[in-house]
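Enquirer:
2 protein chains.
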Amino acid sequence: MAAPVTETFRKIAARGGTLSKNDWGNNDFLGVTAKVYKPHSVIGRQDDDNVEIFIVKSGWAILYHGLPDGERQIIDTPLTGDIVGFRSVDGPRLASLASVTELTVYEISSRELVEAILSEGHLGNKIVRSLARLNAILAEHLMNTGRRNAMSRTAHFLLELEERLSMVGLSAHGRYECPLTQCDLADILGMTTVHVNRTLGELRKADLVSFKGGHVQVINRKKLVEIAGFDNEYLR
Amino acid sequence: MAAPVTETFRKIAARGGTLSKNDWGNNDFLGVTAKVYKPHSVIGRQDDDNVEIFIVKSGWAILYHGLPDGERQIIDTPLTGDIVGFRSVDGPRLASLASVTELTVYEISSRELVEAILSEGHLGNKIVRSLARLNAILAEHLMNTGRRNAMSRTAHFLLELEERLSMVGLSAHGRYECPLTQCDLADILGMTTVHVNRTLGELRKADLVSFKGGHVQVINRKKLVEIAGFDNEYLR
DNA sequence: CGTTGCCTTGACCATACTCAACGACTGTGG
DNA sequence: CCACAGTCGTTGAGTATGGTCAAGGCAACG
Numbered sequence: 002m003a004a005p006v007t008e009t010f011r012k013i014a015a016r017g018g019t020l021s022k023n024d025w026g027n028n029d030f031l032g033v034t035a036k037v038y039k040p041h042s043v044i045g046r047q048d049d050d051n052v053e054i055f056i057v058k059s060g061w062a063i064l065y066h067g068l069p070d071g072e073r074q075i076i077d078t079p080l081t082g083d084i085v086g087f088r089s090v091d092g093p094r095l096a097s098l099a100s101v102t103e104l105t106v107y108e109i110s111s112r113e114l115v116e117a118i119l120s121e122g123h124l125g126n127k128i129v130r131s132l133a134r135l136n137a138i139l140a141e142h143l144m145n146t147g148r149r150n151a152m153s154r155t156a157h158f159l160l161e162l163e164e165r166l167s168m169v170g171l172s173a174h175g176r177y178e179c180p181l182t183q184c185d186l187a188d189i190l191g192m193t194t195v196h197v198n199r200t201l202g203e204l205r206k207a208d209l210v211s212f213k214g215g216h217v218q219v220i221n222r223k224k225l226v227e228i229a230g231f232d233n234e235y236l237r
Numbered sequence: 002m003a004a005p006v007t008e009t010f011r012k013i014a015a016r017g018g019t020l021s022k023n024d025w026g027n028n029d030f031l032g033v034t035a036k037v038y039k040p041h042s043v044i045g046r047q048d049d050d051n052v053e054i055f056i057v058k059s060g061w062a063i064l065y066h067g068l069p070d071g072e073r074q075i076i077d078t079p080l081t082g083d084i085v086g087f088r089s090v091d092g093p094r095l096a097s098l099a100s101v102t103e104l105t106v107y108e109i110s111s112r113e114l115v116e117a118i119l120s121e122g123h124l125g126n127k128i129v130r131s132l133a134r135l136n137a138i139l140a141e142h143l144m145n146t147g148r149r150n151a152m153s154r155t156a157h158f159l160l161e162l163e164e165r166l167s168m169v170g171l172s173a174h175g176r177y178e179c180p181l182t183q184c185d186l187a188d189i190l191g192m193t194t195v196h197v198n199r200t201l202g203e204l205r206k207a208d209l210v211s212f213k214g215g216h217v218q219v220i221n222r223k224k225l226v227e228i229a230g231f232d233n234e235y236l237r
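These protein sequences, in sequence, are chains A and B. For the first sequence, my numbering gives the first residue as 2, with consecutive numbering after it. For the second sequence, my numbering gives the first residue as 2, with consecutive numbering after it.
1. Along the chain, where does the alpha helix (DSSP H) containing residue 163 of chain A start, and where does it finish?
2. Residues in the same chain with beta-carbon distance under 6 Å from residue 1 of chain B, minus the five sequence neighbours each way, listed in chain order, please.
3. Buried or exposed: residue 217 of chain A, going by 16 or more other Cβ atoms within 10 Å of its Cβ?
4. Which term fits residue 50 of chain B, buried or exposed, when burial requires 16 or more other beta carbons within 10 angstroms of its beta carbon?
5. Looking at residue 212 of chain A and residue 201 of chain A, is the spacing between their C-beta atoms short of 8 Å?
6. Can you tell me the Cα-Cα spacing of residue 74 of chain A and residue 146 of chain B, whole angstroms?
7. Taking all protein chains shown into account, do 16 or more other C-beta atoms lie within 10 angstroms of the C-beta of residue 161 of chain A, making it buried, or fewer, making it exposed?
8. Counting pairs of beta carbons, one from the stretch 183-192 of chain B and one from the stretch 58-75 of chain B, are three or more of them closer than 8 Å?
9. For residue 41 of chain A, which of helix, strand or coil comes out of DSSP?
10. What's the call for residue 149 of chain B, buried or exposed, on a 16-neighbour Cβ count within 10 Å?
11. Return the residue from the list A:144, A:151, A:143 and A:70 that minimises the CA-CA distance to residue 196 of chain A.
12. Considering only their Cβ atoms, is the gap separating residue 156 of chain B from residue 204 of chain B smaller than 8 Å?
13. Does any CB atom of chain A fall closer than 8 Å to the CB of residue 234 of chain B?
14. The alpha helix (DSSP H) with residue 202 of chain A in it runs from where to where?
15. Taking only beta-carbon atoms, is residue 146 of chain A less than 8 Å away from chain B?
16. Going by DSSP, what residues sit across from residue 66 of chain B in a beta bridge?
17. Who are the near neighbours of residue 37 of chain A in its chain, counting only those whose CB is closer than 6 Å to its CB and skipping five residues on each side?
18. Can you give me the C-alpha to C-alpha distance between residue 65 of chain B and residue 107 of chain B, rounded to a whole angstrom?
19. How would you call residue 182 of chain A, buried or exposed, if buried means at least 16 neighbouring beta carbons within 10 angstroms?
20. Kindly list, in the order they appear in chain A, the residues whose Cβ is closer than 7 Å to that of residue 128 of chain B.
21. Since residue 99 of chain B and residue 128 of chain B are thought to touch, with beta carbons under 8 Å apart, how far apart are those beta carbons, to the nearest angstrom?
22. Name the two residues that bound the continuous alpha helix (DSSP H) containing residue 104 of chain A.
23. Are residue 215 of chain A and residue 180 of chain A close, meaning C-beta to C-beta below 8 Å?
24. If you follow the alpha helix (DSSP H) that residue 227 of chain A is part of, which residue opens it and which one closes it?
25. What are the boundary residues of the beta strand (DSSP E) that includes residue 218 of chain A?
26. For the ligand ADP, is there any heavy atom lying closer than 7 Å to the beta carbon of residue 220 of chain A?
27. In this structure, how does DSSP classify residue 172 of chain A when only helix, strand and coil are distinguished?
28. What's the call for residue 234 of chain B, buried or exposed, on a 16-neighbour Cβ count within 10 Å?
29. Does chain B have any CB closer than 8 Å to the CB of residue 136 of chain A?
30. So residue 98 of chain B is in the beta strand (DSSP E); what residue range does that whole segment cover?
31. One question on the structure: do residue 169 of chain B and residue 81 of chain B come within less than 8 Å of each other, judged by their Cβ atoms?
32. In terms of residues, what are the limits of the alpha helix (DSSP H) holding residue 186 of chain A?
33. Could you tell me whether any Cβ in chain B is nearer than 8 Å to the Cβ of residue 191 of chain A?
34. Can you pull out the residues from the stretch 54-85 of chain A whose beta carbon lies closer than 7 Å to at least one beta carbon of chain B?
35. Alpha carbon to alpha carbon, what distance is there between residue 67 of chain A and residue 136 of chain B?
36. Within 10 Å of its beta-carbon, does residue 70 of chain A have 16 or more other beta-carbons around it, so buried, or fewer, so exposed?
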């Protein structure tokens, strides 16, 4: 899931990966340490009952849901500072979480977190906001796949990434690194790999964005924003 | 947005539409009364700054986002007991809320609610769960529009409605009333009205579901679930 | 009765999918 | 150092799913 944890997260990071009781209320000490995963590891599997939530410290991840027929839809691409997996407070996880690059995450057992929320209004508010923000992102993706064509969709997603990355200092001047393959993009945008390829080609030829070798460069932002129908409001 | 408010909501309802301070914490009396809207009224408009949240008491509503080109994507269909609009805690609303039938809602100014959440952990937990549930629903709709064909999508949505309605006692034996037009369905499923029509026709001819005159009847559930790839887990 | 909103159907079309093959690059083992 | 496999990106030809445009039916309502 996707939302900046802002202050809380910064505190965690500053302390080198350990939560103190001050972050979570006055009753419990929750010793949470950062864990590092190799690229393409599965961190939490769909239908697992071992429910936890994750806060991404660094790296790229994908949250996806597999269909019986082997298809896969990527629900979200959690980035630095995003909270993942809150739905799994109870019951099985509904999606799998996997790393794309090397990934560093804080893992927190949900029970502890729920307790923390119950006893700490300030934190509860942060969680609410993070969930609400993910709602907004999901709603926007729904618009994307439901009501926009391949070009607009692709453009929109690349702009979203740029916006989200620049919020955490990983993008500047319309330029960022993106380790997603065209196959990943396809599963995010609800298209086929082949068509993603052609669409990226068109965007490149039209001098709008270039996505090559894991490197994204926005060239003509104004026109790109226009054909994408992009309004960054939903990310705030 | 969509999630049962369970206890809190039931309390509100039982008291005939007024919240007491006991529901929301110990500091404030928040006099909230139920408001009734005619069918096809706009209750909250996209981009408005007058931010409130709504709890549906009865009736059908749609939460939608309009695109500049006049297209519209319906994000959610809030039903009895669902919470709507939490994203708008700050900043403009991202979607419009409109009634489909006569609609009775509790309207709560966000500032008050936020305060309530801050001071009442129990309620915060409910809100978190409701948001998390909407996330799950949105994710499932994303799967729907991204990775399923017209038939599966339509079947899936009709099954979801049945499940959600039966949770609040508005559906039994695979049978329920649905006031949505085929045009509404199109905006939910990301299709055109024409194709929705044909798809419903096929589903009827195949003796799977019938949707006629605002009346839905699931005929062959087993087969329907199969072609929809429906798993109700995400609604719990 | 004419208007309005919704459903239905037909003919045609286009966007995006399928299938298939090949090229570029990387890492690995002989 | 080179052959090989594996992954990813690229391209072409043919197809299908769903969209567009257009017309008509039917019930509700003033």
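Backbone N, C-alpha and C define an ideal beta-carbon position, used for all residues, glycine too.
Expert: Quick look at the numbers:
1. 151-168
2. The question about residue 1 of chain B has no answer here: the residues shown for chain B are numbered 2 through 237.
3. buried
4. exposed
5. yes
6. 10 Å
7. buried
8. yes
9. coil
10. buried
11. A:151
12. yes
13. yes
14. 194-206
15. yes
16. B:74
17. 105
18. 19 Å
19. exposed
20. 129
21. With a Cβ gap of about 23 Å, residue 99 of chain B and residue 128 of chain B do not count as contacting.
22. Element bounds for residue 104 of chain A: not the alpha helix (DSSP H) but the beta strand (DSSP E), 104-110.
23. yes
24. 222-229
25. 216-219
26. This structure simply doesn't include the ligand ADP, nor any ligand for that matter.
27. coil
28. exposed
29. yes
30. 97-100
31. yes
32. 183-190
33. yes
34. 66, 68, 69, 72, 74 and 76
35. 17 Å
36. exposed
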